[in-house]
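Below: the structure, in C-alpha cells.
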Amino acid sequence: MTDSRFPLDGRLPDMLRSGKPLRGLFNGLPSPAIVEMCAYAGFDFIILDNEHGSADLGMTEHMLRAARATGIVPIVRCFEHDLPRILDMGASAVQVPMVETAEQARRLAGMIHYPPVGRRGSAFSTRAAGYGAFGGAGHTQRSNDGIGFIAMIETPEAIAAAGEIAAVDGVDAVFIGPNDLAHAMGHGSDWNAEPVQRAIEAGLRAIAGAGKCSGIIALTPQDEEKYGAMGARYFANVSTSIITRALAQAASAGREAKPPAY
1 MTDSRFPLDG RLPDMLRSGK PLRGLFNGLP SPAIVEMCAY AGFDFIILDN
51 EHGSADLGMT EHMLRAARAT GIVPIVRCFE HDLPRILDMG ASAVQVPMVE
101 TAEQARRLAG MIHYPPVGRR GSAFSTRAAG YGAFGGAGHT QRSNDGIGFI
151 AMIETPEAIA AAGEIAAVDG VDAVFIGPND LAHAMGHGSD WNAEPVQRAI
201 EAGLRAIAGA GKCSGIIALT PQDEEKYGAM GARYFANVST SIITRALAQA
251 ASAGREAKPP AY
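Right, dumping it as C-alpha cells:
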C-alpha cells in the first residue's frame, strides 16, 4: 500500500501494468461494511458503482475511507460529469462507461490528470489532498502517477475501436461490458451468443495488442479461464450476485435435507 498518510491509494496503475490477474467486483450497495468485507475476503479491488448503484456522493466518500482503511483499491464507475468530485474524494481510479472513440478517451484522460499532463482543475481543500495537508505539487504528482483511468467499451462501434482507445496515453485499462454489448448487438442479455463472444474476443485481443490491460466481467472461474486465454487480466464479479447466490444456498440447504426417520 502507498504511504498511509495520504488518502489516495496510488497502486492501481502499477497493478494494471503488472500482467498479473486482478480480481475484484462491482458493488452498487451503499455500505462501507461491504467494502470492508470485500477487502477481508481478499479481493484486489472494488468498483463502487455510481452508474447503477444507489450510493450518493457522501456515502461514496465514506466507502472510499473504508477501502483505504482496509487496503482494497477503490475504483468508482461514474459518468463524466461526476469525475471532478469523485477524484477530489480520493478515488484510486475511475471507470467511465460507454467510451466509444479514441478521441473521447483522450478527452476523459485529460479531465483525470492535472497539468501539464491534462487539464484537471485543482482544489487542495478536498479529501484527496488531505484537506490541505498534502496539497500542492506533491499531490498533483501523486495523482498523475497514481490515479487510474479505465475506459468501458460496450457497443460494436467501441469494440471496432478497442485498439485505438487502448493506445491513448492516460488510458490504463479497457473493460468490455458484455451485457450492454449483447444488447447493442441484438442478443438481449445473452452475452454467450456466438457473435457476442467473437466480438468480446476481438476486443480483448486488440486491447492486449495495444499493450494495455483488458478487463471483463467474470462470474465464474470458467469465465476467468476463458477470457484470460483471450488476454484479459482484470476480472470483476458482482457483489449482489455473490450475496444473493449465497443466501439462496443457505435458505435451501435445510429444506433439501431429508427429515429424520421415526
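For the sequence shown, position 42 matches number 42 in the UniProt record's numbering, and the numbering has no gaps at all.
Where a beta carbon is used, it is the ideal one built from N, C-alpha and C, also for glycine.
The structure displayed is predicted, hence computed values, not measured ones.
Can you give me the start and stop residues for the alpha helix (DSSP H) that C213 sits inside?
No alpha helix (DSSP H) holds C213; the beta strand (DSSP E) holding it covers C213 to I217.
Is the separation between the beta-carbon of S214 and that of A232 shorter than 8 Å?
Contact: yes.
Which residue marks the beginning of the alpha helix (DSSP H) containing M152, and which one marks its end?
Careful: M152 lies outside any alpha helix (DSSP H), inside the beta strand (DSSP E) at G148 to I153.
Kindly identify the DSSP beta-bridge partner or partners of Q95.
According to DSSP, Q95 bridges with R77 and I150.
Given a cut-off of 8 Å on the beta-carbon distance, is the pair P7 and R127 in contact?
Yes, the pair counts as a contact, with Cβ atoms nearer than the cut-off.
Which one or two residues does DSSP pair with residue 263 in a beta bridge?
What is shown of the chain runs 1 to 262, which leaves residue 263 out entirely.
Beta-carbon separation of P74 and L48 under 8 Å?
The answer is yes: Cβ separation under 8 Å.
What three-state label does DSSP hand A128 in the structure shown?
In the structure shown, A128 sits in a helix (DSSP, three-state: H, G or I).
Any idea what DSSP makes of V35, helix, strand or coil?
Helix at V35.
Under the rule that 16 or more other beta-carbon atoms within 10 Å means buried, what is Q141, buried or exposed?
That one is exposed.
Take G10 as the anchor and find which of G71, A55 and A246 has the nearest alpha-carbon.
Looking at the Cα atoms, G71 is the closest of the given residues.
Are G170 and H113 touching if we call contact CB-CB under 8 Å?
Yes. Within cutoff.
Could you spell out where the alpha helix (DSSP H) holding V196 opens and where it closes?
E194 to G209 is the extent of the alpha helix (DSSP H) around V196.
Provide the residue(s) that pair with D82 in DSSP beta bridges, ordered along the chain.
D82 pairs with nothing; no bridge assigned.
Should F26 go down as buried or exposed, given a rule of 16 or more other Cβ atoms within 10 Å for buried?
Its Cβ being crowded by 16 or more others within 10 Å, F26 is buried.
Exposed or buried, E61, counting other C-beta atoms within 10 Å across all chains shown (16 or more means buried)?
Flag for E61 reads buried.
Does the distance from the C-beta atom of G177 to that of P97 stay below 8 Å?
The answer is yes: Cβ separation under 8 Å.
Kindly indicate the opening and closing residues of the beta strand (DSSP E) around E159.
Residue identity differs from the one stated: residue 159 is Ile in this sequence, not Glu. Where I159 is concerned, there is no enclosing beta strand (DSSP E), although the alpha helix (DSSP H) it sits in stretches over P156 to A160.
Taking L29 and T220 to be in contact with their CB atoms under 8 Å, please state how far apart those CB atoms are, rounded to whole angstroms.
Contact flag wrong, Cβ pair sits at about 21 Å.
F43 to Y234, Cα distance in whole Å?
Roughly 12 Å separates the two Cα atoms.
Can you check which of these residues, R68, N179, G186 and S54, is closest to A218 by C-alpha distance?
Per the Cα distances, N179.
Measuring straight from C-alpha to C-alpha, what distance separates G53 and C38?
For G53 and C38, the distance between alpha carbons rounds to 17 Å.
Please return the same chain residues whose Cβ sits closer than 6 Å to the Cβ of I207, not counting the five positions on each side in sequence.
Around I207: A162, A166, V174 and S214.
Buried or exposed for A123, going by 16 or more other Cβ atoms inside 10 Å?
Counting Cβ neighbours within 10 Å, A123 comes out exposed, since fewer than 16 surround it.
Quick one, which of T101, K20, R205 and M152 has its alpha-carbon nearest R77's?
Among T101, K20, R205 and M152, the Cα nearest to that of R77 belongs to M152.
Counting along the chain, where does the beta strand (DSSP E) carrying A173 start and finish?
Where A173 is concerned, the enclosing beta strand (DSSP E) stretches over A173 to I176.
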